[in-house]
Amino acid sequence: MNLARWSCLFWGSLLLAGTPQYSEINVNARYRVESVELTGESESKISSGLREQMTSLVGEYLNPGLLDELSKRIASELHVRTVTHRILRGTRPDHVRVVFEVKNRLARFDLSVPRVLYHSNEGLNGVVEGTATVGAHAFTLGFVSDGDELAERYTGVRARYTNKRVGTDRLGFRFLIESYHVQWNQATQMAQASAGDRTPGIYRDRQNLEPAATVVLARPLSLSFGASFQSFQTQVPAARTQAANSLVTTLRYHRVLEDSGNQHDLDAGYSLRAATRLLNSDYAYVRHHWSLRYRVSRGRHMVTDDLTAGLITGRAPLFERFALGNSSTLRGWNKFDLDPLGGSRAAHNSLEYRYRLLEVFYDTGAVWDPGQTARLRHSSGLGVRLGVFSALVAFPVREGRIDPVFMVAMNY
Amino acid sequence: MARTARDEKLSRRSWLLAGVGVFVSPAHGEGKLFVSWDGDDLHVAAPQLHFLSGKPLERLKDGATVLYLSQLTLFADRFTTVMRRAPDRFAVSLDIWEERFSVTRLGGEARSASYLTAPAAESWCLENMAISSSGLMRDRDFWLRFELRAADPREEAGVVGDAGINLARLIELFSRQPGPQQPHWRLDAGPLRLSALRRISGRSNRNG
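Chains as they are written, first to last, in the numbering used here: chain A, 1 to 412; chain B, 1001 to 1208.
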């Protein structure tokens, strides 16, 4: 029995150790590609950029590693589990045909850990999800504990129904249900107590129902719109249930371009949440959030600039307020030192440079409320990043004693 | 436990067989495992073992590279107490025009061979496996197990991706018994003694 367990571990570790590009060791790499085909799905369903990449293989020497990458990208764009590729003899000597085959399973179940973070100030954060997929329908049930994103730590369950193809590829639908128990840092509780009625109250749990549709206006521009019905039970000043019901909309643009050895990745988004008493909300506010990320990579070098800004007008509950000083903003700072209640105004920029596994970054940002002076803060750090995994150490740029912050994360 | 006279007798008989190799308890008609010794390392041969077949061969004919994971394990007793393991990985591909195999041994000391027939490619893989005999007493019994497995293409990716860790695939990877989709071979040899093994000149050094 013990031997069997060791045997499983051995084969697994040997396989995981063997992942680096062994597929590139292929004797057929000396042949030129004559043609590239896609079977099992219409080529019109993949993006023009990906089609161009497939076509660009023609005339070149076969690169099996690149075929693996393209298979993954096709699977990702078509939302299918498996895309394989076959290499067949071409019609001319020393030429080959490449055939990508889409294999779509009607139903499957996946259990995954989409994100995990250990932060030396915040502790452990993570998500575990199970997703059942039947055709275009996906049902997800997950457990979340997150003390990183907001001024609160929320722990609980979330369920999601997603249909990425409602009649057409251009229309999708999502229904999100969340139920969280909320814990507060002592600094937040004290700040709320001293601010009194000027700030919204803290709460012990909150629930959210959020139906939303996504329309692809013109690739790569998409628009999401829907409604969010949040209810939460306040602790202070008195225990009662309140609602923050809002209309939500997000405009997103994402494009990848390639030119002479450089790859450019542009991701821009604007989201709006407008809570109104017309939806029977106890709060009336408008929350704007802008994000712009530009990444350029050349060979093993990669530079990323990530700019975000937020603005809230009106009186919004604490979960809507912006927090800086976490795993992605002003890394190295403690968010409870910057603003324990979060702010209604925020601006942040992060500049990162990566070479192979090594990463260095410089963060700049401010979070504040109307009537306060925005105080710009800086932080920097370095670490290693391998795929979705990262281990970083970050320092606040300030006078006096500096306590480094350590982060080990996946997909943060 | 004290060895009986019958054990001794059988053992001597097996020493005689070791003049040309050592008989092994073969599994499922995959033939015999012959073990030889070059003074430093133990080497294996299995002329009747044909692992370039079935699903892996289909994938090779589709132009894919197939990864074979192998392991030699030395046991101090009848396959219970492990003394040493020597894992190896081989990347095999098939030239779709020439219909000949190319094999590359991955890892520290990478080696490769091309334009091989299927039996030649299989032999090349086995010839390039070895396990150190250091610490073995010349006149003490030991056992040797040879295992070979073609990596399942589903395992090669998908455990970790942009969407994080897929627990379902990880559990599947670590708990799955090799099935018809995942060909595997195992050959056992023993009891063996260094003093009874066929001596060969050194082929490859390793510290398995």
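Every residue gets a Cβ at the ideal spot worked out from N, C-alpha and C, and that includes glycine.
Would you mind reading off the limits of the alpha helix (DSSP H) that contains A/I74?
P64 to L78
If you follow the alpha helix (DSSP H) that B/E1127 is part of, which residue opens it and which one closes it?
A1118 to E1127
Work out the CA separation of B/W1037 and B/L1126 for me, nearest whole Å.
14 Å
Rounded separation between A/A323 and A/V256 - CA only:
29 Å
In three-state terms, what does DSSP make of A/T413?
The structure shown has nothing for residue 413 of chain A, since chain A only spans 1 to 412.
Contact set for A/L251: own chain, Cβ-Cβ below 6 Å, skip 5 residues either direction
L223 and Y270
Quick check: is the beta carbon of A/D94 nearer than 8 Å to any beta carbon in chain B?
yes
Using a C-beta cutoff of 8 Å, does B/S1123 count as contacting chain A?
no
Assess contact between the stretch 111-120 of chain A and the stretch 36-53 of chain A, defined as three or more Cβ pairs (one per stretch) separated by less than 8 Å. Is contact present?
no
What separation, rounded to the nearest whole angstrom, lies between the Cα atoms of A/S496 and A/V27?
Look at the range of chain A in this structure, 1 to 412, and you will see that residue 496 of chain A is not part of it.
Mind listing the chain B neighbours of A/N349? Cutoff is C-beta to C-beta under 7 Å, in chain order.
Within chain B, no residue comes near A/N349; the closest Cβ sits about 24 Å away, beyond 7 Å.
Taking DSSP as the reference, what is the three-state secondary structure of A/G142?
strand
Quick check for students: name the residue ranges of the alpha helix (DSSP H) that lie wholly in the stretch 323-367 of chain A, counting only runs of 4 or more.
335-338
Do B/R1084 and B/L1074 have their beta-carbon atoms positioned less than 8 Å apart in this structure?
yes
If I'm right that A/Q207 touches A/S228 with Cβ under 8 Å, what's the distance once you round it to whole angstroms?
No, A/Q207 and A/S228 are not in contact; Cβ-Cβ is about 11 Å, not under 8 Å.
Tell me the rounded alpha-carbon separation between A/V248 and A/A218.
20 Å
Among A/E41, A/F143 and A/S47, which has the Cα closest to the Cα of A/V80?
A/E41
Within chain B, the residues that A/I87 reaches when beta carbons sit closer than 8 Å
D1062, G1063, A1064 and I1096
When you check each C-beta in the stretch 1097-1111 of chain B against every C-beta of chain A, which residues fall closer than 7 Å?
W1097, S1102, T1104 and L1106
Suppose you measure from the CA of A/S260 to the CA of A/G299; what does that come to, to the nearest Å?
11 Å
Beta-carbon proximity list for A/A284, same chain, < 7 Å, skipping 5 on both sides
A275, T276, R277 and G314
Taking 8 Å as the CB-CB limit, is A/R385 close to chain B?
no
Using a Cβ-Cβ cut-off of 6 Å (strictly less than) and excluding sequence neighbours within five positions of B/T1104, which residues of its own chain qualify?
A1091 and S1112
Of the listed residues A/R153, A/R170, A/R108 and A/E152, nearest to A/S47 (C-alpha basis)
A/R170
How many angstroms separate the CA atom of A/A213 from the CA atom of A/R273?
15 Å
Evaluate A/A191 with the Cβ neighbour count: other Cβ atoms within 10 Å of its Cβ, from every protein chain shown; 16 or more gives buried, anything less gives exposed.
buried
If you draw a straight line from the C-alpha of A/L386 to the C-alpha of A/A195, how long is it?
44 Å
Given 8 Å as the limit, is there contact between the stretch 303-312 of chain A and the stretch 339-348 of chain A, that is, 3 or more CB pairs closer than that?
yes
The beta strand (DSSP E) with B/T1073 in it runs from where to where?
V1066 to F1075
Would you call A/D94 buried or exposed, if buried means 16 or more other Cβ atoms sit within 10 Å of its Cβ?
exposed
If I'm right that B/P1183 touches B/A1150 with Cβ under 8 Å, what's the distance once you round it to whole angstroms?
5 Å
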